[in-house]
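Participant: Input: one structure, supplied below.
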Amino acid sequence: MPYEVRRDFIGYGANPPDPQWPGGAKLAVNFVINYEEGSEPSIALGDGYTENGLTESYGVRQVTKGRDLAAEGMFEYGSRVGFWRLTRLFQERGLPLTIFGCALALEQNPEAAAAIRAAGYDVCSHGWRWVKHFELSEAEEREHIARAVASIERTTGEKPAGWYCRYGPSENTRRLVIEHGGFLYDSDYYGEELPFWLTVEGQGHLVVPYSLTNNDGKYAGWMGTGDQWFSYIRDAFDMLLAEGRAGRPKMMSVGLHQRLIGHPARAMGLQRVLDHMMQQKDIWIARRLDIARHWAATHPYSGRGLNE
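The opening residue of the sequence shown carries number 1 in full-length UniProt numbering; numbering runs sequentially from there.
Have a look at this one:
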């Protein structure tokens, strides 16, 4: 039977598996930088409008015709300034990072791509461009996946092991990712706190879920200060760690955007989060690739996916 995306309201249920995180850790934490700047819809790329998503002008389209130079500058800030501020925070603490990289965006800044490669960050493909995959035809999406993989391999030296769409996948995305081959996992799911297997086209496929909740996208909505974001992420971390210590270890994804949390006042909130987490001894801050590899080795595909 052709693969069809199915809804699953049960998941692991009341007794999720023990992930057996390395070193007996009670919580695995993965920080993700979404590297999107330079791949977003723009007049220069022939899209007919300027994207302003997740910027200071998010939701306010003041320029209705032609280029929005203000929004363009806000995106460029992320690549020119935010990327370096954020990566310094992690490098100063010796912490790993995952990059959700839009291929065209990485092409626009070879220095940043080289820094990602030198630091050993894993790159999960965030698409060829920062566009809505559910608006693409199947043929267009297939082409975007192939172009993204080839481009990321050129800029970073390695093919991406994971896949994650902007906002949400199409009904074809997972099948096309597997059809292309070479991916260990995708992260196009928000309904779980542990990785899980699916059966797609007769083979096992790993899903490592992501979160828009523990995410700096809150700054484009109701949240205003670094202290607010710190307390929000800290509370999520503290609850998950307490649950892990009580016998139910989980995974926590923290999503970052260079043009949002890369600004100084917001980056202070991230700095506080990192320092708070590093005070704990039984956590595993890891790359997404390492989490996927650990799950595949510790809980290998059994011949049945979670919702079968």
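The beta-carbon is built from N, C-alpha and C at its ideal position, and this holds for glycine as well.
Quick one: what's got a C-beta closer than 6 Å to Ala161's C-beta in the same chain, skipping five residues either side?
Facilitator: Excluding positions up to five away in sequence, the list reads Leu184 and Leu289.
Participant: From Glu72 to Leu45, what does the alpha carbon distance come to, in whole angstroms?
Facilitator: Their backbone Cα atoms lie some 12 Å apart in a straight line.
Participant: May I ask which residues mark the beginning and end of the beta strand (DSSP E) holding Ala28?
Facilitator: Leu27 to Tyr35 is the span of the beta strand (DSSP E), which, as asked, contains Ala28.
Participant: Just the C-alpha distance for Val131 and Leu106, rounded to the nearest angstrom, thanks.
Facilitator: Spanning the two alpha carbons is a distance of roughly 15 Å.
Participant: Using C-beta distances below 8 Å, list every residue in its chain close to Lys159, excluding the 5 sequence neighbours before and after it, in chain order.
Facilitator: Taken in chain order, the residues that qualify are Val149, Ile152, Glu153 and Gly182.
Participant: Can you give me the Cβ contacts of Ile43 inside the same chain, cut-off strictly under 8 Å, excluding the 5 residues immediately before and after it?
Facilitator: Closer than 8 Å at the Cβ level, and outside the excluded window around Ile43, lie Tyr49, Thr50, Gly66 and Arg67.
Participant: Could you check how far apart the C-beta atoms of Met223 and Val29 are, in whole angstroms? I think they sit under 8 Å.
Facilitator: With a Cβ gap of about 20 Å, Met223 and Val29 do not count as contacting.
Participant: With distance defined between alpha-carbon atoms, name the residue in Ile261, Tyr190 and Leu206 nearest to Asp216.
Facilitator: Ranking Ile261, Tyr190 and Leu206 by Cα distance to Asp216 puts Ile261 first.
Participant: Please classify Asn34: is it buried, with 16 or more other beta-carbons within 10 angstroms of its beta-carbon, or exposed?
Facilitator: Buried, by the Cβ-count rule.
Participant: Identify whether Ser125 lies in helix, strand or coil by the three-state DSSP scheme.
Facilitator: Of the three classes helix, strand and coil, the one that applies to Ser125 here is strand, per DSSP.
Participant: Have a look at the DSSP bridge pairing and note the partners of Phe9.
Facilitator: Per DSSP, none; premise fails for Phe9.
Participant: Excluding the 5 residues preceding and the 5 following Glu201 in the sequence, name in chain order all residues of the same chain whose CB lies nearer than 7 Å to its CB.
Facilitator: Around Glu201: Tyr3, Arg175 and Ile178.
Participant: Does the distance from the CB of Thr199 to the CB of Arg304 come in under 8 Å?
Facilitator: A contact, by the Cβ cut-off of 8 Å.
Participant: May I ask you to report which of helix, strand or coil DSSP gives Asp186?
Facilitator: Strand at Asp186.
Participant: Work out the CA separation of Leu69 and Asp122 for me, nearest whole Å.
Facilitator: For Asp122 and Leu69, the distance between alpha carbons rounds to 32 Å.
Participant: Quick one: what's got a C-beta closer than 6 Å to Glu36's C-beta in the same chain, skipping five residues either side?
Facilitator: Once the five neighbours on either side are set aside, the close Cβ partners of Glu36 are Cys102, Ala105 and Trp130.
Participant: Checking the sheet assignment: what are the DSSP bridge partners for His205?
Facilitator: In DSSP, His205 forms a bridge with Leu198.
Participant: Thinking just about the alpha-carbon of each residue, which of Asn214, Tyr189, Asp275 and Thr213 is nearest to the one in Leu206?
Facilitator: Cα-wise, what sits closest to Leu206 is Tyr189.
Participant: Assign Asp186 to buried or exposed, taking buried as 16 or more other Cβ atoms, counted over all protein chains shown, within 10 Å of its Cβ.
Facilitator: Counting Cβ neighbours within 10 Å, Asp186 comes out buried, since at least 16 surround it.
Participant: Helix, strand or coil: how does DSSP classify Val254 here?
Facilitator: Three-state DSSP puts Val254 in a strand.
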